[in-house]
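Taking it in order: structure first as structure tokens, then the write-up.
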Amino acid sequence: MFLLNLQRSAAKDHDIRKAAVMVISAFILLVPVLQGIAMAGSSAFFATFEACRSCHRAIVLSWQETPHARALKDLIRTGHETVSDCLRCHTTGAGNAEGFLDVEVTPELGGVQCEACHGPGYKHSQDPEKKIPFPRPDIKICRQCHTLEQSLNFEYDTKSLRIHNISEDKRREK
Numbered sequence: 013m014f015l016l017n018l019q020r021s022a023a024k025d026h027d028i029r030k031a032a033v034m035v036i037s038a039f040i041l042l043v044p045v046l047q048g049i050a051m052a053g054s055s056a057f058f059a060t061f062e063a064c065r066s067c068h069r070a071i072v073l074s075w076q077e078t079p080h081a082r083a084l085k086d087l088i089r090t091g092h093e094t095v096s097d098c099l100r101c102h103t104t105g106a107g108n109a110e111g112f113l114d115v116e117v118t119p120e121l122g123g124v125q126c127e128a129c130h131g132p133g134y135k136h137s138q139d140p141e142k143k144i145p146f147p148r149p150d151i152k153i154c155r156q157c158h159t160l161e162q163s164l165n166f167e168y169d170t171k172s173l174r175i176h177n178i179s180e181d182k183r184r185e186k
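Quick note on numbering: the sequence shown equals residues 13 to 186 in the numbering used here.
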């Protein structure tokens, strides 16, 4: 009798431990998602191309005609909008708690926007007169996504001109 009760108790303990592990695991997996949802719309880190457009209208209009602007739409069209390796290069800030999370939660960060190459710009968008050193994208930044495997025919000198194909005097407009 004692042995039977001991077996039942051990089985119960195992079930309780298993349930506890499942609950804790679910919580651990859910924390980054909840953080992202809380941040969505708060623009605490990324300003989006809309904020850039207020001062850099010509650049944004030029960018909107590029494949970078349509990058997330291409993933959706091919059914890859949930593949993290793809999202890293087809969205802005994917992999960052304040960046792109998914199509439903942070659609405003879809596509390869200004901040994907130049870095987060929320602070600059709040005080545009204050100079913040943004990286000027070079081939190293481009090659983070335009790898030899993904973009065999990528030519930095010609492709980079397509992103900002406007004259220097039109780069900043108010």
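Just so it is clear, CB atoms sit at the ideal spot from N, CA and C, and this is done for glycine as well.
Quick one: what's got a C-beta closer than 6 Å to residue i's C-beta in the same chain, skipping five residues either side?
i: GLY107; result: ARG100
i: GLU120; result: THR60
i: HIS158; result: PHE166
i: HIS102; result: ALA83, LEU84, LEU87
i: ALA50; result: Below a pLDDT of 50, predicted positions are generally treated as unreliable, and ALA50, at 46, falls in that range; the measurement from the model is reported next regardless. There are no such residues.
i: SER137; result: ALA59, ALA63
i: ILE151; result: TYR168
Residue i by DSSP, collapsed to three states: which one?
i: THR90; result: helix
i: THR78; result: coil
i: PHE58; result: coil
i: THR170; result: helix
i: LEU84; result: helix
i: SER163; result: coil
i: LEU113; result: coil
i: ILE144; result: coil
i: ASP150; result: coil
i: VAL72; result: helix
i: SER96; result: helix
i: CYS67; result: coil
i: GLN156; result: coil
i: ASP10; result: In the structure as shown, the chain begins at 13 and stops at 186. Residue 10 is therefore absent and cannot be evaluated.
i: ASP139; result: coil
i: HIS130; result: helix
By Cβ distance below 8 Å, which residues in the same chain neighbour residue i in space, the five residues on each side in sequence not counted?
i: LEU173; result: none
i: SER96; result: ALA106, GLY107
i: GLY189; result: A query on residue 189 cannot be resolved here, the shown segment of the chain reaching from 13 to 186 and no further.
i: VAL115; result: LEU84, ILE88, GLU93, GLY122
i: CYS98; result: LEU87, HIS92
i: GLN156; result: CYS101
i: THR78; result: ARG174, ILE175
Who are the Cβ neighbours of residue i in its own chain at under 7 Å, not counting the five residues just before and after it?
i: HIS7; result: The structure shown does not extend to residue 7, since the chain is modelled only from 13 through 186, so no value can be given for it.
i: VAL72; result: PHE61, CYS64, ARG65
i: ALA128; result: THR104
i: LYS8; result: Lying before the first or after the last residue shown, residue 8 is absent from the chain, which here runs from 13 to 186.
Which residue or residues does DSSP assign as beta-bridge partners of residue i?
i: THR103; result: GLY122
Kindly examine the ligand GTP and report whether one of its heavy atoms sits closer than 6 Å to the Cβ of residue i.
i: THR170; result: The ligand GTP is absent from the structure shown, which contains no ligands of any kind.
**Prompt:** Using 8 Å as the threshold, is the stretch 73-92 in touch with the stretch 119-138, meaning 3 or more CB pairs across them?
**Reply:** yes
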